[in-house]
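Reviewing the structure listed below.
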Amino acid sequence: MKTETFPLSQDEAWARVERDRAIDGYFVVLSRGEQPKVEGLDVEYLKQILTEAGANLDSEDREVAIKKLANKKYTEAHPNRRPGVVSVWGEEAIVSFEIWAQNVSVETCPRFKNDDELPIDGSQSRGLRQLLADLTELAIDGGMSAEELVKRTKIRVDRGRARSERKEVPKSDFAMIPVDSLEKFWNSIRGGDLPH
348 MKTETFPLSQ DEAWARVERD RAIDGYFVVL SRGEQPKVEG LDVEYLKQIL
398 TEAGANLDSE DREVAIKKLA NKKYTEAHPN RRPGVVSVWG EEAIVSFEIW
448 AQNVSVETCP RFKNDDELPI DGSQSRGLRQ LLADLTELAI DGGMSAEELV
498 KRTKIRVDRG RARSERKEVP KSDFAMIPVD SLEKFWNSIR GGDLPH
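Basically my numbering = 1-based index in the sequence shown + 347.
Rendered as structure tokens:
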């Protein structure tokens, strides 16, 4: 049965525009390496946007996702957080996202090398993968707070900016996000898709 849709009233339309402007501006400010006001992040609206982009926030595996997302690492060798992200977004979407994240990272960052000076595959995309895990954890009420998301994202952006400018990269447990990739990431989600 087809449901009827009604046009938004002028007040509803303006409210939506303001809500969009606020959340989009939030990620633009973060992508510049600036500190947004944490209270400016409308988490309920963020959940709606992530759902529209393909997240299943009511997954039957929600408890597994929460448990897995509480781990720090998101790596191929120790896929601690990855199963949590997969249970919310689906394997196919995550594989496509990981390829996108690696490609964006390789284009913008010098490759990390091990002690033998050999490139480490997948190392550049850790920050973007961790960012998706953080957003997912916040959206499923898994223990991530908006304050922690802002703190981690800002550290990742600052580290990516320093690396692209060939400056000393601040030490941190949080992997960097390559310059301009946060905006690309967010624009794709706003367009209704996880980046791929």
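Ideal Cβ placement from N, Cα and C applies to all residues, glycine included.
All values derive from a computational prediction rather than experimental measurement.
Would you mind stating whether residue i and residue j have Cβ atoms separated by less than 8 Å?
i	j	result
A480	V385	no
R503	G474	yes
A486	K414	no
R388	Y373	It should be noted that the sequence gives Leu, not Arg, for residue 388. The answer is yes: Cβ separation under 8 Å.
A412	G490	no
R366	Y392	yes
E484	L541	no
L529	L377	yes
L496	F532	no
H543	S443	yes
DSSP three-state label for residue i, please.
i	result
S535	helix
F444	helix
R363	helix
F454	For clarity, residue 454 is Glu in the given sequence; the question names Phe instead. DSSP places E454 in helix when its eight states are reduced to three.
A402	coil
P354	coil
G490	coil
Q449	helix
R368	helix
V516	coil
L541	coil
In terms of residue numbering, what span does the alpha helix (DSSP H) encompassing residue i cover?
i	result
G507	493 to 511
R476	473 to 486
Q395	390 to 399
I524	Premise fails: I524 is in no alpha helix (DSSP H) and is neither H nor E.
E410	409 to 416
V433	429 to 436
What is the rounded straight-line gap between the Cα of residue i and the Cα of residue j?
i	j	result
R510	P525	8 Å
G401	G539	7 Å
F521	D358	41 Å
N427	A360	42 Å
K498	G380	11 Å
R537	R368	12 Å
V433	R476	11 Å
M348	A440	Since pLDDT at M348 reaches only 41, below the 50 mark, its modelled position is unreliable, and the value read off the structure follows with that caveat. Roughly 29 Å between the two C-alpha positions.
W447	S356	39 Å
V375	S472	20 Å
I370	N534	11 Å
W436	E407	12 Å
D505	E512	11 Å
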